[in-house]
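Presented below is the structure to which this report refers.
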Amino acid sequence: MQFYPGRKVQFPPPPCSRGGGNLLGPSPAPSFLDHASPISLRPLACQVPDFFLLPVFFLRSAFAPWEGIVLLALLMAEKGQNELLKARNRTLSVFREEAEREWKAPFYFIQGADPQFGLMKAYSIGDCSSGGDEWEAELQLTRQAVEAINRLNPPPKFFVLCGDLIHGMPGTEWREAQIQDLRNVLKDLRSDIPLVFVSGNHDLGNTPTPETVSDYCQQWGDDYFSFWVGGVFFLVLNSQLYFDASQCSELKAAQDAWLEQQLAVAGKKQCRHAVVFQHIPFFINEPEEDHNYFNLEKAVRHELLEKFCRAGIKTVFSGHLHKNAGGTYKDLDMIISSAIGCQLGDDSHGVRMVGVTAEKIIHRYYSLSELSNQAKIEKEFMALIKPN
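Sequential numbering from 1 applies to the sequence shown in UniProt numbering.
Structure follows, in structure tokens:
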């Protein structure tokens, strides 16, 4: 079971209750548990130790047995599920669509890319294929990012990682250890900042198979999905299916069919903005540039860009390049963020802050040290999204 923003927890009436009473007499005065929202219960479930949940159960059960049982079940379910929230059934359940479709006020989120545990050592020795047996540097950088994001006030609506979570390709020696170390670091993210995972080529393999996609989905959640936040429609795509689907054509066809449905939703203009997250960018600087390892093939690129433009999508965020870059196709901005991990250009390890207002989407790339400077963030970024 999942808590949802804006929904109160509704308990069933206790059996044998008559006229508002129960077996122990009149119902007690309402407590905070009667009006608990996800904002209050979710952090409670995630932060308190297991041994605290049992006294909560007995305390509540003394007055209302049914409520005590339900509350304990809800808290324990949320505590287990929050280890790392995963997309399931092609959506993120933490963002309840009926509560999130309406525009309310400006907000912001964090986009990161390519923590890629193991690449820095592999790149330094010139062996990106079989190297990668050390990743302490990436671990510390990701921890620094998490700690800086935790201190942001107000907190972001979510933190999206646009692929290449680890460097070890499917079947390589260091992969499982890299995954576990990354998961352990990400668990330190504040419980009220959901994580959004996007698959990259190192997560699925350069030529994904049904097996590698299934393994990814078990570890990190669905490889493509959509969700709503504050009146904005977000799409997460598996871009590797557009790079090389030779071993999983049925999976690509399924994503294509799903995407058509999602673009129809965006095309009805019922959302304030529609935004796409993927790992591989359509292009690096120019829509007509030649195809290479770091972009999508021209025919695929133009087909998707045209579909996105017709649906009113104006912003696509990606990673993969390990440099900041991007360009424009018609009214669509292609935004490439550099890496939390290994840099292949002159940028610093960092993340992108993305502000969403009623009129536009604003974004700034910050180094991890800059992200820790609250005064700088408040002056340069937060002021841009404050309501007039």
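Ideal Cβ positions, reconstructed from N, Cα and C, are used throughout, including at glycine. Note that the structure is predicted; figures quoted are calculated from it, not measured.
Distance CB(residue i)-CB(residue j) smaller than 8 Å
i, j, result
"residue 115", "residue 350", "no"
"residue 149", "residue 189", "yes"
"residue 84", "residue 165", "no"
"residue 163", "residue 178", "no"
"residue 235", "residue 251", "no"
"residue 170", "residue 215", "yes"
"residue 327", "residue 287", "yes"
"residue 305", "residue 277", "no"
"residue 228", "residue 97", "yes"
"residue 345", "residue 323", "yes"
"residue 193", "residue 158", "yes"
"residue 197", "residue 174", "no"
"residue 155", "residue 355", "no"
"residue 372", "residue 183", "no"
"residue 280", "residue 243", "yes"
Buried versus exposed call for residue i [16 or more other C-beta atoms within 10 Å across all chains shown]
i, result
"residue 136", "exposed"
"residue 118", "buried"
"residue 245", "buried"
"residue 110", "buried"
"residue 100", "buried"
"residue 104", "exposed"
"residue 264", "exposed"
"residue 125", "exposed"
"residue 325", "buried"
"residue 181", "buried"
Reduced DSSP category for residue i - H, G, I as helix; E, B as strand; rest coil
i, result
"residue 258", "helix"
"residue 367", "strand"
"residue 48", "Only weak support is given to the placement of residue 48: the predicted model assigns it a pLDDT of 46, under 50, and the value that follows is read from those uncertain coordinates. Three-state DSSP puts residue 48 in coil, outside helix and strand."
"residue 353", "strand"
"residue 108", "strand"
"residue 274", "strand"
"residue 220", "helix"
"residue 124", "helix"
"residue 294", "coil"
"residue 249", "helix"
"residue 343", "coil"
"residue 282", "coil"
"residue 172", "coil"
"residue 184", "helix"
"residue 267", "helix"
"residue 381", "helix"
"residue 152", "coil"
"residue 201", "helix"
"residue 179", "helix"
"residue 288", "coil"
"residue 307", "helix"
Cutoff 6 Å; reference residue i; Cβ partners in own chain excluding five residues on either side
i, result
"residue 112", "161, 340, 351"
"residue 128", "122"
"residue 256", "none"
"residue 321", "294, 336"
"residue 315", "275, 333, 361"
"residue 298", "291"
"residue 384", "355, 362"
Beta-bridge pairing of residue i - partner residues as DSSP gives them
i, result
"residue 142", "Answer by DSSP bridge pairing: none, since residue 142 is not bridged."
"residue 243", "Residue 243 pairs with nothing; no bridge assigned."
"residue 329", "332"
"residue 88", "91"
"residue 195", "159"
"residue 361", "356"
"residue 228", "233"
"residue 207", "DSSP output for residue 207 lists no bridge partner at all."
"residue 318", "336"
"residue 117", "166"
Same chain, Cβ closer than 7 Å to residue i, neighbours up to 5 away in sequence not counted
i, result
"residue 376", "370"
"residue 312", "266, 267, 269, 274"
"residue 144", "368"
"residue 222", "87, 88, 90"
"residue 213", "204, 223, 248, 251"
"residue 210", "248, 251"
Sequence-distant residues of the same chain with beta carbon closer than 8 Å to residue i, five excluded per side
i, result
"residue 329", "282, 283, 287, 305, 309"
"residue 185", "139, 142, 143, 146"
"residue 302", "287"
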